[in-house]
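Q: In the numbering used here, the protein residues as written are 104 to 360. By construction, the Cβ of each residue, glycine as well, lies at the ideal position given by its N, Cα and C atoms.
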Amino acid sequence: MSRGKLFIGNWKCNGSFAGNQSLVKAITDGLAKIDLKDVEVFVAPSMLHLLQVCSLAAGSKLGVCAQNVSANPCGAFTGEVSAYQLKDAKISCAIIGHSERRQSEKMQTFESNKLVAQKVKAAMEAGLKVCVCVGETDGERKEKKTFAVIEEQIKAIASAVSDWNNICIAYEPLWAIGTGNTATSEQAQEVHAYIRKYIAGIVNAKTAEKIIICYGGSVKPKNSAELIAQPDIDGFLVGGASLKADSFVEIVYSMTK
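#1: Sorted by chain position, which residues of the same chain lie with C-beta nearer than 7 Å to Ile260's C-beta, five sequence neighbours on each side aside?
#2: In terms of alpha-carbon separation, which member of Thr310, Val341, Ile316 and Glu275 lies closest to Thr240?
#3: For the alpha helix (DSSP H) that Ile242 lies in, which residues bound it at each end?
#4: Asp337: buried (16+ other C-beta within 10 angstroms of its C-beta) or exposed?
#5: Compare the C-alpha of Phe351 against each of Val127, Pro334 and Cys168 and name the closest.
#6: At the level of alpha carbons, what is the spacing between Asp191 and Ser149?
#7: May I have the straight-line CA-CA distance separating Gln290 from Tyr356, to the nearest angstrom?
#8: Please name the residue in Lys248, Ser327 and Ala129 whose C-alpha comes closest to that of Met358.
#9: Between the C-alpha atoms of Cys157 and Ala348, what's the straight-line distance to the nearest angstrom?
#10: For Cys317, count neighbouring Cβ atoms within 10 angstroms of its own Cβ and tell me buried if that reaches 16, exposed if not.
#11: On the criterion of 16 or more Cβ atoms from any shown chain inside 10 Å, does Ile272 qualify as buried, or is it exposed?
#12: Based on DSSP bridge pairs, tell me the residues matched to Ala197.
#13: Any chance you could list the beta strand (DSSP E) runs of at least 3 consecutive residues sitting entirely within the segment 242-281, in chain order?
#14: Identify every residue that forms a DSSP beta bridge with Asn113.
#15: For Gly112, which residues in the same chain have their Cβ closer than 6 Å to its Cβ, ignoring the five residues on either side in sequence?
#16: Exposed or buried, which one is Met104 when buried takes at least 16 other CB atoms within 10 Å?
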C-alpha cells in the first residue's frame with residue numbers, strides 16, 4: 104500500500120507580519136514547481152500569525168497548521184486557544200506533544216502523556232487532524248529505553264484517537280532537536296519501523312500500513328534525501344530549516360531524488 108508524504112515546517116516562536124509575506128511567497132513559488140501528487144505541505148506559524156499566513160497561502164499548495172492546541176474547550180482558560188477556535192478559523196490541523204512542550208527546562212513546559220492524550224481527544228472531537236510527536240531523551244537512548252518510552256507515549260493517546268486516518272506520528276528524538284545532531288537514516292528507520300509494528304499490534308495492520316510517520320530532528324537539505332528514502336519515513340517535521348524558503352522547498356523536493 105502506498106502512503107502519501109507529509110512535510111510540516113514548524114516556525115516555532117519566530118516570524119513577523121512583514122517577514123511572513125516574503126517567506127510564504129517564496130515557499131509557495133517554490134512548491135508550485137514541484138509535483139505534489141499525494142503530498143501535503145504545511146507550515147506552522149505562531150498563533151498570532153495563523154490567520155495572516157492562511158491568507159497569504161490561499162490558493163497555493165501550502166497548508167497551515169497550528170503549533171499547539173488546548174485540551175480545554177472554550178471558557179475561562181486564560182491564554183489558551185481551543186480546538187473549536189482553530190476549526191472556526193479554518194485551521195485544519197495541529198501539532199501536539201512537541202518535545203519543547205513535553206520536556207523543556209527553557210520553556211518550563213512539562214506536558215505529560217495524559218495531557219497530550221487530552222489534547223488529541225479535544226482536537227479530534229473538533230474535527231482537526233493531528234500530528235503527535237514522540238521521542239526519547241539522550242539519557243533514555245543511552246539506557247536503551249527508546250522503544251519503551253515511545254510505546255508509553257503512543258499507548259497513552261491510543262484511546263483518544265477517534266479516527267486513525269486523521270493522525271500522523273512524528274518521531275523526534277529529543278537529543279536531535281535544535282542540537283545539530285541528527286539520527287542516522289538507519290537509526291531513524293529502526294524507530295519508524297518499530298512505531299509501525301507497535302501500532303499494528305495495538306490497532307491493526309491496515310492502520311499501521313496507512314499511517315504517516317514523519318521524522319523530526321535537525322532535518323536539513325543535506326540529509327533529507329537519505330532519510331526520506333527509508334521505507335518507513337513518510338515525511339518531515341522541519342524546524343529551523345523551514346524558516347528559509349530555499350531550504351524548506353529543497354527538503355520537500357528531496358522526495359523526488
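A: The relevant details are as follows:
#1: Val219, Ala220, Val223 and Val235
#2: Glu275
#3: One point to set straight first is that residue 242 is Gly, not Ile, in the sequence displayed. From DSSP, the alpha helix (DSSP H) with Gly242 extends over Asp241 to Lys245.
#4: buried
#5: Val127
#6: One alpha carbon belongs to Asp191, the other to Ser149, and they sit about 17 Å apart.
#7: Cα-Cα distance, rounded: 23 Å.
#8: Ser327
#9: 17 Å
#10: Of the residues assessed, Cys317 falls on the buried side of the cut-off, its CB having 16 or more other CB atoms within 10 angstroms.
#11: buried
#12: Ala169 and Val233
#13: 270-274
#14: Ala147
#15: Val146, Val341, Ser345 and Phe351
#16: Here the model assigns Met104 a pLDDT of 42, short of 50, so the residue's position is not dependable, and the following value carries that caveat. Exposed is the call here.
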